[in-house]
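Read through the structure below, which is laid out as structure tokens, and then see the notes.
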Amino acid sequence: MTGKRAKESLVINTDQVMINDLNNYNTLFGGVLMKKLDNNATLSARRHARVKECVTASTDSIDFLHPIHQTDSVCVESFVSYTGNKSMEIFCKVIAEDMITGERRMAATAFLTFVALDEHKQAVKVPKVIPETEEEKFLYQSGEERAKRRRFRRDHSAELTRIIGLEKPWEKGVDEHDQISKLG
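Now the structure itself:
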């Protein structure tokens, strides 16, 4: 399987901030931005893998760097920055632009991981990514370290899910519930 240039998966989406997207601080809700990131990253993954379906395997990180206000536009850029055998790391950057002054600032960055699926919902091998720009090369070269951290975190999550319970709090024993109440 041959590689594809990172810019072939580039997706750019610019939107305005609407009043119903604002939290009580009059800045963009983090969850609204997360939805925009996931939508953009999905398209980048599908564009790279050229499959009907790609699923989000993890949201590796979202760093909120500057608040986004109602007077701003929100530009989300995403592209495949690193690939494994069957997974793709998508890098997203969010640029806020004050529509009155024209000031632009990096509002957030994020890494998400996606898996491409075939018609039977099975993971398929994805093309390698070929970085060309300085930004793409930096992200690609640091990608293996992020992949190692993802594997460690995934192993830790698997261990955690074996330990944590699914019981409803009100179904736990009285003594155990009282201990939990005293901690909170």
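Add 970 to the 1-based position in the sequence shown for the working numbering, that's all there is to it.
Every residue, glycine too, gets a C-beta built ideally from N, C-alpha and C.
Everything numeric in this text was worked out from a predicted model, so none of it was measured.
| task | Go ahead and pull the three-state DSSP assignment for N983. | result | strand
| task | Please classify V1025: is it buried, with 16 or more other beta-carbons within 10 angstroms of its beta-carbon, or exposed? | result | exposed
| said: Report the CB separation of T1029 from D1068 in whole angstroms; it is logged as a contact under 8 angstroms. | reply: About 27 angstroms; that fails the 8 angstroms criterion.
| said: Once the 5 residues before and after S979 are set aside, which same chain residues still bring their CB inside 6 angstroms of it? | reply: S1014, R1017, H1018, F1049, V1050
| query | For D1030, which residues does DSSP report across the bridge? | reply | Partner(s): none; D1030 has no beta bridge.
| beta strand (DSSP E) segments (min. 3 residues) lying fully within the stretch 1033–1081 | 1042–1053, 1057–1068
| query | Applying the criterion that 16 or more other CB atoms from any shown protein chain within 10 Å of the CB defines a buried residue, is M1076 buried or exposed? | reply | exposed
| field | Cβ pair I1038, T997 closer than 7 angstroms | value | yes
| Given 8 angstroms, three or more beta-carbon pairs between the stretch 1095–1105 and the stretch 1050–1061 | yes
| field | Closest Cα partner of M988 within the set V1044, H1036, E1023 | value | V1044
| message | Our contact map puts A1027 next to T1083 with C-beta atoms below 8 angstroms; I'd like the distance itself, whole angstroms only. | response | 4 angstroms
| message | So, for F1108: in the same chain, excluding its five sequence neighbours on each side, which residues have a beta-carbon less than 7 angstroms away from its beta-carbon? | response | none
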